[in-house]
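Under this note's numbering, the first residue of the sequence shown is numbered 60, with each subsequent residue one higher.
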Amino acid sequence: MDFIDLKAQQQRIRPSLDKRIARVLDHGRYILGPEIDELEDKLAQYAGCAHCVTCASGTDALLMGLMALGAGPGDAVFVPSFTFVATAEVVVLAGAVPVFVDSAPDTFNISAEALRAAITEILSHKTDLRPAGIIAVDLFGQSADYDELSRIAQEHGLWLMEDAAQSFGANYQGKRTCSFGQAAATSFFPAKPLGCYGDGGAVFVNDRDLADKLRSIRVHGQGTDKYDNVRIGINGRMDTLQAAVLLSKLEIFDEELELRNLVARRYQNGLQEKFVTPFVAANRTSVWAQYSLLTANRETCLRTLKDHGIPAAIYYPIPIHRQAAYRHFHHGPSLPVCEDLAERIFSIPMHPYLSTADQQIIIDVLNSSV
Ligand SMILES: *Cc1c(COP(=O)(O)O)cnc(C)c1O
């Protein structure tokens with residue numbers, strides 16, 4: 060049994076993949092080839108956002124977003140602590156300071172209430188730090204509460220960036236993720252809901268100037284050409300081959316999202332009595348990047364799953380504000396919700412091709428373990 064089965068998917072799209080990859084090998088434009096433009100158009104249209112700029116990873120997407128928004132020294136950037144480390148890492152790389160915020164106990168996304176308190180606290184400190192922006196994460200595939208977050212951002216004159224690395228394809232109030240805030244970043248790491256065969260990512264913006272800046276940052280801050288450098292940038296390009304892979308996967312993506320939802324419903328029905336199953340808020344959908352459960356008996360569950368050859372994982376065992384590299388950055392005395400989540404959470408196999416039979420085994424094993 061696989062935690063994420065990429066082989067079944069590959070079998071489905073193999074003819075289309077072979078054709079698209081052969082086309083790249085024939086034209087030989089491995090960097091910024093025609094597949095990159097085609098993919099950017101399709102992704103922008105899919106997300107309902109004016110501009111998509113593909114790049115080398117989700118981490119680069121976040122970093123390029125911060126660079127384009129002008130984040131830098133003296134800026135306090137509010138981030139959830141219960142997320143993948145890249146969300147906070149890029150803030151430090153940009154020269155700004157991450158301020159860790161607790162999570163909402165139901166969706167596990169950044170808590171609006173805790174965010175307001177954190178902003179007030181930074182403002183009341185007589186330091187050089189000024190609140191500059193918010194990075195909200197759409198954890199496990201469900202979007203954060205963008206109405207509320209936009210309101211808070213506007214009240215305080217902050218920019219808002221969406222970390223949609225886990226949520227490409229999800230809906231919030233009828234709009235797709237990657238369309239919220241001043242910029243949105245997603246990842247095409249192989250295990251994400253829409254993944255390529257290596258690293259890849261994309262930034263989404265509605266503002267034309269920001270899109271131009273992002274394209275410049277992606278190639279070493281280029282101006283009229285790459286030997287004219289008008290700003291500090293990075294080498295952040297996506298490989299043409301990865302765009303070819305994504306174009307093939309995009310063809311079946313909507314169908315895969317339906318299958319993921321079917322799997323999630325079966326888990327919900329089979330596990331809700333003995334476990335806290337995921338809560339999806341009204342007017343939102345999840346793309347189920349992870350299917351995560353809460354239990355007081357995690358050790359026992361993980362041991363029983365392992366004994367039955369069922370893969371499982373913990374996302375995330377240590378919140379970022381407790382990590383050695385991040386402890387000294389600003390956060391309140393405790394972030395009780397995310398600390399509690401880190402103790403009780405675990406994730407089980409989730410992918411569109413999980414069979415009913417395998418799923419029943421997982422459900423039975425889990426229910427027998429507690
Ligand atoms: C995966 C992920 C990233 C980073 O994406 P990469 O493509 O691996 O660089 C950033 N944020 C979150 C929430 C993620 O899950």
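Backbone N, C-alpha and C fix where the C-beta goes; we use that ideal spot for every residue, glycine too.
- Here the C-alpha atom of VAL151 lies approximately 10 Å from the C-alpha atom of LEU122.
- Collapsing the DSSP output to three states places ALA191 in a strand.
- Going by C-alpha positions, TYR205 is about 36 Å away from MET60.
- Ligand 1 approaches ALA145 closely enough that one of its heavy atoms is under 7 Å from the residue's Cβ.
- Residue pairing by DSSP places PHE137 opposite VAL158 and ILE193 in a beta bridge.
- Residue pairing by DSSP leaves VAL339 without any beta bridge partner.
- The nearest non-hydrogen atom of ligand 1 is 7 Å or more from the C-beta of SER209.
- A straight line joining the alpha-carbon of PRO139 with that of SER246 spans about 18 Å.
- Within 7 Å of the C-beta of LYS251 there is at least one heavy atom belonging to ligand 1.
- Where ALA261 is concerned, the enclosing beta strand (DSSP E) starts and stops at 260-264.
- One alpha carbon belongs to THR344, the other to THR118, and they sit about 24 Å apart.
- Between the region 253-272 and the region 290-305 there are three or more inter-stretch CB-CB distances shorter than 8 Å, so the stretches are counted as touching.
- Judged by their CB atoms, ALA303 and GLU99 are not nearer to each other than the 8 Å cut-off.
- By the neighbour-count definition (other C-beta atoms within 10 Å, threshold 16), GLN213 is an exposed residue.
- By the Cβ neighbour-count rule, GLY133 is exposed, with fewer than 16 other Cβ atoms within 10 Å of its own.
- In this model, TYR375 and SER351 are separated by some 10 Å (Cα to Cα).
- Residues of the same chain with a CB within less than 7 Å of the CB of ALA145, apart from the 5 flanking positions on each side, are GLY117, THR118 and LEU121 in chain order.
- In this structure ASN328 is exposed. Its beta-carbon is surrounded by fewer than 16 other beta-carbon atoms within 10 angstroms.
- When the beta-carbon positions are compared, VAL424 and THR354 stay at least 8 Å from each other.
- The Cβ neighbour count for ASP161, taken over all protein chains shown within 10 Å, is at least 16; the residue is labelled buried.
- Secondary structure note for ILE379: it is in no alpha helix (DSSP H), with a DSSP letter that is neither H nor E.
- For TYR350, there is no enclosing alpha helix (DSSP H); the enclosing beta strand (DSSP E) has its first and last residue at 350-353.
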